[in-house]
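Encoded as structure tokens, the structure appears first; notes follow it.
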Amino acid sequence: MTQPTRPIQEEELHAFVDGRLDLARHAEVAQQVAENPALQARLDDWRREAALLRQAFAFKALEPVPPALHLGRLIETRMSRTVAHWRVAAGIVLALGVGAAGGWGLRDRQRPNDMEWLTMQASSAHRVFTADATRPVELGPSDQVRLVNWMSSRLGRHVGVPDLTRLGYRFIGGRVLAAVGGPAGLLMYDDAAGNRVTVYLQPMNTADTLPMRPIEGRPTDNQAVAGYAWINNRLGASVLSSAGHVGLHAVANEVRDEIRAGI
Amino acid sequence: MSALAEIEDAVPALRRYAWSLLRHHQDADDLVQDALVHALDFLPRRTRDTELQPWLFAIMHNLFISRWRTARRRLMVSIDAEGADSPVAPAQEWSLAVRDLVRGFDRLAADQRQVLLLVVVEGLQYSDIATILDVPIGTIMSRLSRGRDALRRHMGEQDTLTAHPPLRRVK
Numbered sequence: 007m008t009q010p011t012r013p014i015q016e017e018e019l020h021a022f023v024d025g026r027l028d029l030a031r032h033a034e035v036a037q038q039v040a041e042n043p044a045l046q047a048r049l050d051d052w053r054r055e056a057a058l059l060r061q062a063f064a065f066k067a068l069e070p071v072p073p074a075l076h077l078g079r080l081i082e083t084r085m086s087r088t089v090a091h092w093r094v095a096a097g098i099v100l101a102l103g104v105g106a107a108g109g110w111g112l113r114d115r116q117r118p119n120d121m122e123w124l125t126m127q128a129s130s131a132h133r134v135f136t137a138d139a140t141r142p143v144e145l146g147p148s149d150q151v152r153l154v155n156w157m158s159s160r161l162g163r164h165v166g167v168p169d170l171t172r173l174g175y176r177f178i179g180g181r182v183l184a185a186v187g188g189p190a191g192l193l194m195y196d197d198a199a200g201n202r203v204t205v206y207l208q209p210m211n212t213a214d215t216l217p218m219r220p221i222e223g224r225p226t227d228n229q230a231v232a233g234y235a236w237i238n239n240r241l242g243a244s245v246l247s248s249a250g251h252v253g254l255h256a257v258a259n260e261v262r263d264e265i266r267a268g269i
Numbered sequence: 004m005s006a007l008a009e010i011e012d013a014v015p016a017l018r019r020y021a022w023s024l025l026r027h028h029q030d031a032d033d034l035v036q037d038a039l040v041h042a043l044d045f046l047p048r049r050t051r052d053t054e055l056q057p058w059l060f061a062i063m064h065n066l067f068i069s070r071w072r073t074a075r076r077r078l079m080v081s082i083d084a085e086g087a088d089s090p091v092a093p094a095q096e097w098s099l100a101v102r103d104l105v106r107g108f109d110r111l112a113a114d115q116r117q118v119l120l121l122v123v124v125e126g127l128q129y130s131d132i133a134t135i136l137d138v139p140i141g142t143i144m145s146r147l148s149r150g151r152d153a154l155r156r157h158m159g160e161q162d163t164l165t166a167h168p169p170l171r172r173v174k
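As structure tokens, then:
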């Protein structure tokens, strides 16, 4: 049976030499090449040169892989690099004089997640301003309307002042703060015994909603801080007090409910 | 096989391609390391529609283009300074025929060399190479064709020289 075969395309010559043709076409091309000495010579040369090119570079793939390219090593290096990353950020917090940002369960994971950023900064703010004897808040209860306008404009959303009198807490005042990601708001309360509680509010770029969870700071310096944090509708919030302060969960629930209700 | 194991398996080929591009042992391993670090960073976001090996080659090739041009230029200058007749030799001895071939190969245009390396040495599919080099497959085929024929002409000239050495010119 002598059905005329398709003429060979230039591209098929390469696919033929590289073994990329299907079996039927490979046989057809082989037949035509065998009948054409000039073409046969050309392809033989291609094959010979391909073999030499492979020989030239083969040694490199046979060398033992140097330790610097072992994946385990690279993953370790990469982890320490990203850990260094958050250490730099924590260092900035320290340099600003807002106290040690340490702990908060980072442990050996690479980078602080949203919750960790939130609690790190909230705890710094709590430590600094609850301990401030001169001016713990910028605007007091008599300036509540101004405070609400100030915070709302800087945080880019309406932020009210939760009313915690029912739970035994008096509103002292608040301020806008500089956080790493942008402006944040701090509200301060105290109870009859003088225990101070802060509500920290910060818009979050990434996480939309994370349920409330207890947070506990490592007692890195003079004052251990504990409380609750959550993210709702891209607003990060935390309620903090000194570690061991009872009844804070109820406060946190109240704050969350009032913020969610738009106060 | 896990993605990490697959990456690990690709390292020898990546080192070979990096060295054949750069002809410098340390530069080549730095390029591979760069590529692996990138691959680890991007692994979670990798789409499943590409095979891992071509994906790694693509990452490395892009880094080569964006960061290693200078290193390569430095290399080309050093080759020129040494003269085209002494290509950078690997640790292992190259046979005379391999030396001839590499000399011709080094005279090809960079884009032809890359295609030849990926087709002939790395044995990748044409379509994957088109993705790696970010050019249409037709361009790959024409570079392959020009590269192969230029190499053949070069080797033909070498054969002629060997068979009929040029007469020594007497002053």
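Protein chains in written order, with our numbering: chain A, 7 to 269; chain B, 4 to 174.
Backbone N, C-alpha and C fix where the C-beta goes; we use that ideal spot for every residue, glycine too.
Since this is a predicted model, take the numbers as computed values, not measurements.
Residue i, buried or exposed, once every other Cβ within 10 Å from all chains shown has been counted against 16
i: His132/A; result: buried
i: Pro147/A; result: exposed
i: Leu102/A; result: Since pLDDT at Leu102/A reaches only 43, below the 50 mark, its modelled position is unreliable, and no value is offered.
i: Pro47/B; result: exposed
i: Pro43/A; result: exposed
i: Ala87/B; result: Per-residue confidence for Ala87/B stands at a pLDDT of 39, beneath the threshold of 50, marking its modelled position as unreliable; no derived number is given.
i: Gln208/A; result: buried
i: Ala84/B; result: Its pLDDT being 39, under 50, Ala84/B is placed unreliably by the model, and nothing is read from it.
i: Arg113/A; result: For Arg113/A, the predicted structure reports a pLDDT of 42, less than 50, and the residue's modelled location is therefore unreliable. The matter cannot be settled from this model.
i: Ser89/B; result: The pLDDT assigned to Ser89/B is 40, lower than 50, so where the model puts this residue is not dependable; a value taken from the coordinates is nonetheless given after this. That one is exposed.
i: Arg115/A; result: Unreliable positioning characterises Arg115/A in this predicted model, as indicated by a pLDDT of 42, which lies under 50. The coordinate reading is nonetheless provided below. By the neighbour-count rule (16 or more Cβ atoms within 10 Å), Arg115/A is not buried but exposed.
i: Ser81/B; result: Model confidence at Ser81/B stands at a pLDDT of 45, short of 50, so the residue's coordinates are unreliable; what they give is reported in the following sentence. Exposed, because fewer than 16 other Cβ atoms sit within 10 Å of the Cβ of Ser81/B.
i: Asp50/A; result: exposed
i: Ser247/A; result: buried
i: Gln115/B; result: buried
i: Ser5/B; result: exposed
i: Ile175/B; result: Any property of residue 175/B remains undetermined from this structure, which presents chain B solely from 4 to 174.
i: Ala94/B; result: The predicted position of Ala94/B is uncertain, since its pLDDT is 45 and thus under 50; no value can be drawn from it.
i: Asp33/B; result: buried
Proximity below 8 Å, CB of residue i to CB of residue j
i: Leu80/A; j: Val40/B; result: yes
i: Leu66/B; j: Ala100/B; result: no
i: Val231/A; j: Ala249/A; result: yes
i: Val186/A; j: Trp123/A; result: yes
i: Leu17/B; j: Leu59/B; result: yes
i: Ser158/A; j: Tyr206/A; result: no
i: Leu27/A; j: Glu18/A; result: yes
i: Leu161/A; j: Arg152/A; result: no
i: Leu121/B; j: Leu127/B; result: yes
i: Asp196/A; j: Arg176/A; result: yes
i: Pro15/B; j: Asp131/B; result: no
i: Ala198/A; j: Gly233/A; result: no
i: Arg155/B; j: Trp52/A; result: yes
i: Glu260/A; j: Pro142/A; result: no
Reference residue i; option with closest CA among the options
i: Asn119/A; options: Gly179/A, Ala235/A and Gly250/A; result: Ala235/A
i: Gly253/A; options: Ala184/A, Leu170/A and Met194/A; result: Leu170/A
i: Pro70/A; options: Ser130/B, Thr142/B and Ala13/B; result: Ala13/B
i: Trp97/B; options: Thr215/A, Ala64/A and Ala40/A; result: Ala64/A
i: His251/A; options: Gly242/A, Ile221/A and Leu241/A; result: Ile221/A
i: Phe45/B; options: Ile62/B, Asp30/B, Ala21/B and Gln29/B; result: Ile62/B
i: Leu77/A; options: Ala21/B, Gln115/B and Ile10/B; result: Ile10/B
i: Gly166/A; options: Lys66/A, Ala67/A and Leu241/A; result: Leu241/A
i: Glu125/B; options: Tyr20/B, Leu7/B and Ser5/B; result: Tyr20/B
i: Glu55/A; options: Val123/B, Leu7/B and Leu55/B; result: Val123/B
i: Asp30/B; options: Met158/B, Ala6/B, Asp109/B and Arg70/B; result: Arg70/B
i: Arg146/B; options: Leu7/B, Ala113/B, Thr134/B and Val105/B; result: Ala113/B
Per-residue contacts from residue i into chain A (C-beta, under 9 Å)
i: Ser148/B; result: Glu16, Glu17, Leu19 and His20
i: Met158/B; result: Asp51, Arg54, Glu55 and Leu58
i: Trp58/B; result: By Cβ distance, chain A contributes nothing, its closest Cβ being about 15 Å from Trp58/B, past 9 Å.
Cross-chain neighbours of residue i in chain A, by beta carbon under 7 Å
i: Val105/B; result: Ala62
i: Arg19/B; result: Phe63, Lys66 and Ala67
i: Ile10/B; result: Leu77
Range of the contiguous beta strand (DSSP E) that encloses residue i
i: Trp123/A; result: Element bounds for Trp123/A: not the beta strand (DSSP E) but the alpha helix (DSSP H), Asp120 to Thr136.
i: Asn238/A; result: Val231 to Asn238
i: Gln128/B; result: Unbroken run through Gln128/B: none, as it is neither H nor E.
i: Gln15/A; result: Gln15/A -> no beta strand (DSSP E), and no H or E assigned at all.
i: Ser159/A; result: Taken as a continuous stretch (DSSP letters only), Ser159/A belongs to no beta strand (DSSP E), being part of the alpha helix (DSSP H) at Gln150 to Leu161.
Extent of the continuous alpha helix (DSSP H) run through residue i
i: Ser69/B; result: Leu55 to Arg70
i: Tyr20/B; result: Ala6 to Leu25
i: Glu222/A; result: Segment Leu216 to Glu222 is the beta strand (DSSP E) holding Glu222/A; no alpha helix (DSSP H) there.
Per-residue contacts from residue i into chain A (C-beta, under 8 Å)
i: Trp22/B; result: Phe63 and Lys66
i: Ala100/B; result: Leu58
Under 8 Å from the C-beta of residue i: neighbouring residues of chain B
i: Val71/A; result: Val14, Pro15 and Arg18
i: Leu80/A; result: Gln36, Leu39, Val40 and Leu43
i: Asp138/A; result: Going along chain B, no residue has its Cβ under 8 Å from Asp138/A, so there is no contact; the nearest lies around 42 Å.
i: Asp149/A; result: Within chain B, no residue comes near Asp149/A; the closest Cβ sits about 48 Å away, beyond 8 Å.
Neighbour list for residue i in chain B, Cβ cutoff strictly below 9 Å
i: Arg48/A; result: Arg151, Asp152 and Arg155
Residues that residue i contacts on chain B, provided the C-beta gap is smaller than 7 Å
i: Ala74/A; result: Asp32 and Gln36
i: Glu45/A; result: A small fix is needed here, since residue 45/A is Leu in this sequence, not Glu. Within 7 Å Cβ-Cβ: nothing; Leu45/A doesn't reach chain B, min ~12 Å.
i: Asp24/A; result: Val122
Within-8 Å CB hit, residue i to chain E
i: Asp28/A; result: The chain inventory of the structure shown lacks chain E, comprising the protein chains A and B.
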